[in-house]
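Residue numbers (my numbering): 3 to 387.
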């Protein structure tokens with residue numbers, strides 16, 4: 003059964019909406035900058051989204067992440083596309099799968115900071131609808147009027163790649179007629195200081211697969227894709243998805259990339275294609291020593307033919323639970339426009355395969371994206387025409 007892409011949008015450090023994304027890529031303009039994050043003295047470059055003050059959410063749902071979801075849903079007439087599909091299907095046949103890692107933790111941080119001064123949690127922080135991983139999903143469901151199945155995936159950096167695997171199963175099993183998938187994660191002190199404590203944050207813009215790479219550049223984003231069984235001329239397709247969990251270590255990759263390879267092989271098998279048919283490979287490419295070394299080893303063993311391979315976190319930063327949706331949209335854009343992003347900031351690559359450094363234009367028929375997270379949570383997703 004074929005699964006079709008009916009609409010998509012992305013808000014990231016490259017801008018709000020697909021038009022801004024395209025403009026940034028064409029101008030070769032990164033979204034990373036070294037502005038100081040409030041309350042942090044960690045030297046780093048971040049891929050932040052500057053939310054306008056006009057972006058409002060109900061007080062009982064307020065957090066930076068729900069505001070980011072709201073801002074993301076305002077772009078590219080995405081909410082209108084969902085509303086159109088909602089009118090065409092039974093009320094319980096439109097589902098939602100959203101990936102996140104940080105959820106609304108910025109609000110929890112704020113509550114604890116105030117606790118030091120007030121000795122108790124103020125009433126405005128007693129918000130069970132906010133202080134839980136499901137908060138952005140619940141908000142998005144209300145915002146879009148989705149009454150079908152709604153679930154949250156919180157599986158580290160694979161979260162919003164796994165949403166495609168779940169949605170595809172729902173559609174194949176006839177549980178729904180259409181699914182909104184997405185991901186949202188916002189920057190906060192817990193993220194910046196947490197990764198800094200692991201000695202993974204680069205003081206310079208991240209350089210994936212570079213000889214002199216120094217670590218990650220963190221980012222934030224919200225992105226959404228509308229999937230359906232109904233085809234229309236020109237629709238792109240979700241071809242396949244593959245998942246694995248090698249559980250090798252809490253924060254380190256399996257040294258031989260066992261889970262990563264399984265995810266890629268399963269995505270290709272689910273799509274019914276071979277690696278030789280992949281035109282563009284979007285690498286997870288965090289810029290850390292261990293991740294890039296292991297992913298490089300796996301991909302070198304799997305790549306066949308003239309595959310364009312690049313890592314894009316030097317453009318957007320690592321959006322954690324939203325990184326899967328960020329890179330899925332970059333793959334959809336490569337299919338739609340033929341513009342394939344290079345590996346920003348990397349000049350001396352040490353990848354054991356040809357790494358695309360500069361943007362190129364080339365017709366793309368099949369794209370594969372990798373998302374390999376902490377705990378050995380891995381997912382690869384294939385898209386095509």
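The beta carbon of each residue, even a glycine, is placed where N, CA and C say it ideally should be. None of these values were measured; they are calculated from a predicted model.
{"Asked": "Looking only at its own chain, which residues have a Cβ that is under 8 Å from the Cβ of residue 297, when we skip the five neighbours before and after it?", "Found": "255, 259, 262, 285, 286, 287, 372 and 374"}
{"Asked": "With distances taken between CB atoms, is the gap from residue 97 to residue 181 smaller than 7 Å?", "Found": "yes"}
{"Asked": "To test your reading of the DSSP string, which unbroken alpha helix (DSSP H) runs of 4 or more residues are found completely within the stretch 109 to 187?", "Found": "137 to 146 and 161 to 174"}
{"Asked": "Is it buried or exposed for residue 50, if we count other Cβ within 10 angstroms and need 16 for buried?", "Found": "buried"}
{"Asked": "To the nearest angstrom, report how far apart residue 217 and residue 348 are at their CA atoms.", "Found": "12 Å"}
{"Asked": "Just to confirm, is the Cβ distance from residue 325 to residue 358 under 7 Å?", "Found": "no"}
{"Asked": "Just confirm the distance between the C-beta atoms of residue 170 and residue 243, as a whole number of angstroms; I'd bet it's less than 8 Å.", "Found": "6 Å"}
{"Asked": "DSSP has residue 298 in a bridge; who is on the other side?", "Found": "For residue 298, which the question treats as bridged, DSSP gives no partner whatsoever."}
{"Asked": "If residue 187 and residue 103 are in contact, beta carbons under 8 Å, what's the gap, nearest whole angstrom?", "Found": "5 Å"}
{"Asked": "Leaving aside the five residues before and after residue 327 along the sequence, list all residues of the same chain whose C-beta is less than 6 Å from its C-beta, in chain order.", "Found": "162, 184, 185 and 225"}
{"Asked": "If residue 205 and residue 351 are in contact, beta carbons under 8 Å, what's the gap, nearest whole angstrom?", "Found": "The Cβ separation is near 20 Å, so there is no contact."}
{"Asked": "Report yes if the CB atom of residue 34 is closer than 7 Å to the CB atom of residue 23, and no otherwise.", "Found": "no"}
{"Asked": "What is the rounded straight-line gap between the Cα of residue 230 and the Cα of residue 341?", "Found": "25 Å"}
{"Asked": "List the DSSP bridge partners of residue 11.", "Found": "226"}
{"Asked": "Residue 193 to residue 346, Cα distance in whole Å?", "Found": "23 Å"}
{"Asked": "According to DSSP, what are the bridge partners of residue 218?", "Found": "203"}
{"Asked": "Which same chain residues, not among the five before or five after residue 95, have their C-beta less than 6 Å away from its C-beta?", "Found": "150, 178 and 179"}
{"Asked": "For residue 213, count neighbouring Cβ atoms within 10 angstroms of its own Cβ and tell me buried if that reaches 16, exposed if not.", "Found": "exposed"}
{"Asked": "Taking only three categories from DSSP, how would you classify residue 245?", "Found": "strand"}
{"Asked": "Answer with buried or exposed for residue 54, where buried requires no fewer than 16 other C-beta atoms within 10 angstroms of its C-beta.", "Found": "exposed"}
{"Asked": "Any idea what DSSP makes of residue 280, helix, strand or coil?", "Found": "coil"}
{"Asked": "Have a look at residue 383 and residue 366 and give me their C-alpha separation to the nearest angstrom.", "Found": "15 Å"}
{"Asked": "Give me the Cα-Cα distance between residue 306 and residue 3, rounded to the nearest whole angstrom.", "Found": "26 Å"}
{"Asked": "Would you identify the three-state DSSP class for residue 16, choosing helix, strand or coil?", "Found": "coil"}
{"Asked": "Residues in its own chain within less than 7 Å of residue 1 by CB, not counting five upstream and five downstream?", "Found": "This structure cannot settle anything about residue 1, because the visible part of the chain is limited to 3 through 387."}
{"Asked": "From this set, 57, 387, 132 and 282, which residue's C-alpha is nearest residue 241's C-alpha?", "Found": "387"}
{"Asked": "Where does residue 285 sit, in a helix, a strand or coil, going by DSSP?", "Found": "strand"}
{"Asked": "Could you round the C-beta distance between residue 323 and residue 79 to whole angstroms and report it? I think they count as a contact, below 8 Å.", "Found": "Not confirmed; about 25 Å, so no contact."}
{"Asked": "Among 145, 100 and 117, which one has its Cα closest to the Cα of residue 135?", "Found": "100"}
{"Asked": "For residue 334, list the residues DSSP reports as bridge partners.", "Found": "Answer is none; residue 334 lacks a bridge partner."}
{"Asked": "Taking just the CA atoms, how far does residue 119 sit from residue 85?", "Found": "45 Å"}
{"Asked": "Counting only the same chain and skipping the five closest in sequence on each side, list residues whose C-beta sits under 6 Å from that of residue 89.", "Found": "none"}
{"Asked": "Cα-Cα, which of 354, 268, 107 and 228 is closest to residue 173?", "Found": "228"}
{"Asked": "Give me, in chain order, the residues of the same chain whose beta-carbon lies closer than 8 Å to that of residue 195; leave out the 5 immediate sequence neighbours on both sides.", "Found": "42 and 44"}
{"Asked": "Which residues in the same chain have their Cβ closer than 7 Å to the Cβ of residue 388, if we skip the five residues on either side of it in sequence?", "Found": "Lying before the first or after the last residue shown, residue 388 is absent from the chain, which here runs from 3 to 387."}
{"Asked": "Please say whether residue 152 and residue 143 have beta carbons closer to each other than 7 Å?", "Found": "yes"}
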